[in-house]
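Residue numbers (our numbering): 1146 to 1498.
Notes follow once the structure below has been shown.
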Ligand SMILES: Cc1cc2nc3c(=O)[nH]c(=O)nc-3n(C[C@H](O)[C@H](O)[C@H](O)COP(=O)(O)OP(=O)(O)OC[C@H]3O[C@@H](n4cnc5c(N)ncnc54)[C@H](O)[C@@H]3O)c2cc1C
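Here it is in structure tokens:
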């Protein structure tokens, strides 16, 4: 039995002051991660500051056509928002494909970004795990690693980031707004998730006591034509083996703009910038999609159990892009790279130095 004190915050400044003053305290939102891990002896807060009464709810549209999603907006509410569905279908789909209906009603958007790894060694309080107990080693590297990451790994940690919606938000250049002991801050989404490197226990650049207040999604007309594809071991209530968030615009059979991010394969929501660089200006066809996906996965480092994710991720990228561009291609059915699609002389998609 461990005693835990519980209080309800009524304003954001008091919540930040309470948690930042006490290193053994945590914020509590929906509790679907925090309480699970507390029960499993993985997290050991002595004090929980309940933030559910704070005015951080709601989904607003910005004058430019973007979104400002309150940190306490529930996953189900954001998924069902007509504006989100219309302007950012990939966000809505990523949310609907996550967890279960009951969990989505409980779980907040801020908590979703800060959910913890689903690595079974991390969640087993007695296994060595650098993320949970720094310096104890990574049990997954030589252990059961079928679901683990192939991109962004280090010798100290290969756990994937489990959030679905974070992958969609990564694709659309979201920003995370916070209030901490030093005041307000805004993080670019890619900077908000730290790769494990030598310190896998440090997952975000935030200070202890820094509160996520909102997620900002910039206007992106391209995102109206977007999707989230999730590949998993069973059709519902399961984390991704591989997922792809993608948005594409095509002009006369050529890709004018594209955004792609991957989930289930990396230690953080993974922006597939190599796919994007390769495809902008390329013709719409399967060969180009496949080549772009290969280029992204070149640096994948699989374990003996998860090499299948490399092929699966490539196929998922192709499927997502084909689904989005169905009917936009040149229709010659050859499925091959069209000569030097980028005019760069080597088919690499990179400009000559
Ligand atoms: C069985 C199960 C299946 C799931 N399946 C999926 C899935 O398929 N896809 C998916 O994406 N997710 C899935 N999840 C994860 C779920 O989405 C998260 O647990 C949930 O989003 C966390 O939100 P919460 O409000 O409950 O956070 P909490 O549990 O309250 O908090 C999570 C962490 O974030 C901190 N925190 C919360 N809000 C803030 C804030 N505003 N500022 C600073 N810190 C904060 C807390 O201190 C805590 O450390 C699943 C969860 C379960 C239990």
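Every residue, glycine too, gets a C-beta built ideally from N, C-alpha and C.
Worksheet entry | Test item: CB-CB of residue 1126 and residue 1426 under 8 Å | Outside the modelled stretch of the chain, which goes from 1146 to 1498, sits residue 1126, for which no answer is possible.
Worksheet item: With respect to 7 Å, is the separation between the Cβ of residue 1308 and the closest non-hydrogen atom of ligand 1 below this value?
Response: Within the chain shown, numbered from 1, the residue matching residue 1308 stands at position 163. Yes, since a heavy atom of ligand 1 falls inside the 7 Å radius drawn around the Cβ of residue 1308.
Worksheet item: Is residue 1171 near ligand 1, in the sense that its beta carbon is under 7 Å from a heavy atom of that ligand?
Response: As a first step, residue 1171 is located in the chain shown; it is residue number 26 there, counting from the start. Residue 1171 Cβ: within cutoff of ligand 1.
Discussion item. According to DSSP, is residue 1290 part of a helix, a strand, or is it coil?
Written reply: Here residue 1290 refers to the residue found at position 145 of the chain shown. In the structure shown, residue 1290 sits in coil (DSSP, three-state: anything other than H, G, I, E or B).
Worksheet entry | Local Cβ density within 10 Å of residue 1382, reported as buried at 16 or more and exposed below that | Within the chain shown, numbered from 1, the residue matching residue 1382 stands at position 237. Exposed is the call here.
Fill in: For residue 1302 and residue 1283, the rounded distance between their alpha carbons
Looking up residue 1283 in the chain shown gives position 138. Looking up residue 1302 in the chain shown gives position 157. Approximately 6 Å, taken between the alpha carbons.
Item to complete: Locate the alpha helix (DSSP H) running through residue 1250, then write down its first and last residues.
Response: Counting from one through the chain shown, the residue named residue 1250 turns up at place 105. Where residue 1250 is concerned, the enclosing alpha helix (DSSP H) stretches over 1246-1251.
Discussion item. Let's see if you can read the secondary structure: which residues bound the beta strand (DSSP E) around residue 1441?
Written reply: The count along the chain shown starts at 1 and reaches residue 1441 at position 296. From DSSP, residue 1441 is part of no beta strand (DSSP E) but of the alpha helix (DSSP H) over 1431-1442.
Worksheet item: What residue range is occupied by the uninterrupted alpha helix (DSSP H) comprising residue 1542?
Response: Nothing about residue 1542 can be reported from this structure: the residues present for the chain run from 1146 to 1498 only.
Worksheet item: Three or more C-beta pairs closer than 8 Å, one from the segment 1389-1399 and one from the segment 1245-1265: is that the case here?
Response: no
Worksheet item: Are residue 1437 and residue 1420 touching if we call contact CB-CB under 8 Å?
Response: Within the chain shown, numbered from 1, the residue matching residue 1437 stands at position 292. Within the chain shown, numbered from 1, the residue matching residue 1420 stands at position 275. Yes; because the gap between Cβ atoms is below 8 Å, this pair is in contact.
Fill in: residue 1280 versus residue 1370: straight-line alpha-carbon distance, rounded
Here residue 1280 is taken as the residue at index 135 of the chain shown, counted from 1. Here residue 1370 is taken as the residue at index 225 of the chain shown, counted from 1. So the alpha carbons of these two residues sit roughly 45 Å apart.
Fill in: Alpha-carbon to alpha-carbon, residue 1146 and residue 1362
Here residue 1362 is taken as the residue at index 217 of the chain shown, counted from 1. Here residue 1146 is taken as the residue at index 1 of the chain shown, counted from 1. Cα-Cα distance, rounded: 43 Å.
Worksheet entry | Whole runs of the beta strand (DSSP E) within the segment 1316-1369, excluding any shorter than 3 residues | 1320-1325, 1328-1333 and 1356-1362
Discussion item. Counting C-beta neighbours from all protein chains within 10 Å, is the total for residue 1239 16 or more, i.e. buried, or is it exposed?
Written reply: Within the chain shown, numbered from 1, the residue matching residue 1239 stands at position 94. Residue 1239 is buried by the Cβ-count criterion.
Practice prompt. Taking all protein chains shown into account, decide if residue 1150 is buried (16 or more other Cβ within 10 angstroms of its Cβ) or exposed.
Written response: Indexing the chain shown from 1 puts residue 1150 at position 5. When all chains shown are included, residue 1150 counts as exposed.
Discussion item. Closer than 7 Å to a non-hydrogen atom of ligand 1 - does that hold for the CB of residue 1260?
Written reply: Along the chain shown, read from residue 1 onward, the residue named residue 1260 stands at position 115. Because some heavy atom of ligand 1 lies under 7 Å away, the Cβ of residue 1260 counts as near it: yes.
Item to complete: Look at the alpha carbon of residue 1256 and the alpha carbon of residue 1217, and state the distance between them as a whole number of angstroms.
Response: As a working note, residue 1256 is residue 111 in the chain shown. As a working note, residue 1217 is residue 72 in the chain shown. Roughly 8 Å between the two C-alpha positions.
Practice prompt. Note down the Cα distance separating residue 1160 from residue 1194, rounded to an integer number of angstroms.
Written response: Mapped onto the chain shown, residue 1160 falls at position 15. Mapped onto the chain shown, residue 1194 falls at position 49. Their Cα atoms are separated by approximately 7 Å.
Worksheet item: Looking at residue 1196 and ligand 1, is the gap between the Cβ and the nearest heavy atom below 7 Å?
Response: What you label residue 1196 is simply residue 51 of the chain shown in a count that begins at 1. Yes, since a heavy atom of ligand 1 falls inside the 7 Å radius drawn around the Cβ of residue 1196.
Item to complete: Can you tell me which of the three DSSP states residue 1153 falls into?
Response: Counting from one through the chain shown, the residue named residue 1153 turns up at place 8. Strand, per DSSP.
Discussion item. For the alpha helix (DSSP H) containing residue 1225, name the first residue and the last one.
Written reply: Taking the chain shown and counting its residues from 1, the one referred to as residue 1225 is at position 80. Unbroken alpha helix (DSSP H) run through residue 1225: 1220-1225.
Worksheet item: Closer than 7 Å: is that where the CB of residue 1207 sits relative to any heavy atom of ligand 1?
Response: Here residue 1207 refers to the residue found at position 62 of the chain shown. Residue 1207 Cβ: outside cutoff for every heavy atom of ligand 1.
Worksheet entry | First and last residue of the uninterrupted alpha helix (DSSP H) at residue 1180 | Counting from 1 along the chain shown, the entry for residue 1180 is found at position 35. Looking at the DSSP string, the run of the alpha helix (DSSP H) that includes residue 1180 is 1179-1184.
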